[in-house]
Amino acid sequence: MKTLVNVIHPHFEASRVNRALAAAAQEVEHVTVRHLYALYPDGVIDIEAEHVALEAADRIVLQFPMYWYSCPPLLKQWQDEVLTHGWAYGSTGKALKGKELLIAVSSGSSEYGRDGAFTYTVTELLRPFQAMANLCSLTYTEPFATTGARTISEEDLAARAQEYAAALTAPRPTLELLG
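In terms of my numbering, the sequence shown opens at residue 18 and continues consecutively.
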């Protein structure tokens with residue numbers, strides 16, 4: 018299985034968690050790690066290059082920190098510009114059909130859920146990505162969420178990075194859209 022990890026973090030060098038996860042991913046055979054903010058510092062996305070990278074992968078991973086219950090701005094721009102009608106979706110848009118999508122998200126807090134400060138679970142907040150996967154005929158897999166990034170210990174972060182490395186190529190449970 019060929020896995021493409023797109024890391025989308027505007028302050029990557031300042032992120033302990035995303036740096037550790039990306040470093041672990043780079044050690045995995047058949048995994049390609051790309052840093053979109055480094056590739057597109059001016060915000061001009063090479064759509065053809067993105068299409069080629071996505072077409073070559075069996076599993077697509079979007080790795081990013083949660084920003085205001087969503088994603089960093091470049092990821093939203095990437096979705097708008099790269100996942101085009103006729104290529105990613107629509108009657109002739111079959112380029113991503115059958116590929117897996119894994120969302121690898123981190124958050125500073127661990128207080129998600131009905132009893133937490135943010136009321137919603139991380140999985141619920143990621144529903145727009147699940148809807149995107151459905152539209153693009155991708156198989157949406159269970160997200161890999163690392164919460165509590167601000168306070169995670171070095172030991173727990175190292176263990177989490179190893180879990181991530183294993184998750185990149187291992188079979189993942191799929192999540193069905195709610196009816």
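Glycine residues also receive a C-beta, built at the ideal position from the N, C-alpha and C atoms.
- Listed as beta-bridge partners of V50 by DSSP are V22.
- In the DSSP assignment, L91 falls outside any beta strand (DSSP E) and within the unbroken alpha helix (DSSP H) covering P90 to V99.
- For the 7 Å CB-CB criterion, E128 and A134 form a contact.
- Under a 10 Å Cβ-count criterion, E44 is classified as exposed, with fewer than 16 other Cβ atoms of the shown protein chains found around its own Cβ.
- For V139, the three-state secondary structure derived from DSSP is helix.
- Scanning its chain for C-beta atoms nearer than 7 Å, with the 5 sequence neighbours on each side dropped, one finds around T138 the residues Y129 and G130, in chain order.
- The beta carbon of P190 is closer than 6 Å to those of E159 in its chain, skipping five residues each way along the sequence.
- K116 is the residue among S87, E72 and K116 whose C-alpha sits nearest the C-alpha of T186.
- For V122, the three-state secondary structure derived from DSSP is strand.
- Annotation: the continuous beta strand (DSSP E) that includes I77 extends over R76 to P82.
- Where A175 is concerned, the enclosing alpha helix (DSSP H) starts and stops at E171 to A184.
- By a beta-carbon distance limit of 8 Å, E98 contacts I64. Their separation comes to about 6 Å.
- In the structure shown, the three-state DSSP call for E44 is coil.
- Remark: C-beta atoms of A74 and L174 do not approach each other more closely than 7 Å.
- If you draw a straight line from the Cα of E171 to the Cα of S87, it comes to about 26 Å.
- Non-local beta-carbon contacts of L152 in its own chain, meaning distances under 7 Å to residues more than five positions away in sequence, involve Y106 in chain order.
- Sorting Q80, P27 and L192 by C-alpha distance to the C-alpha of G60 places P27 at the top.
- For the pair R177 and T163, the CB atoms are nearer than the 7 Å cut-off.
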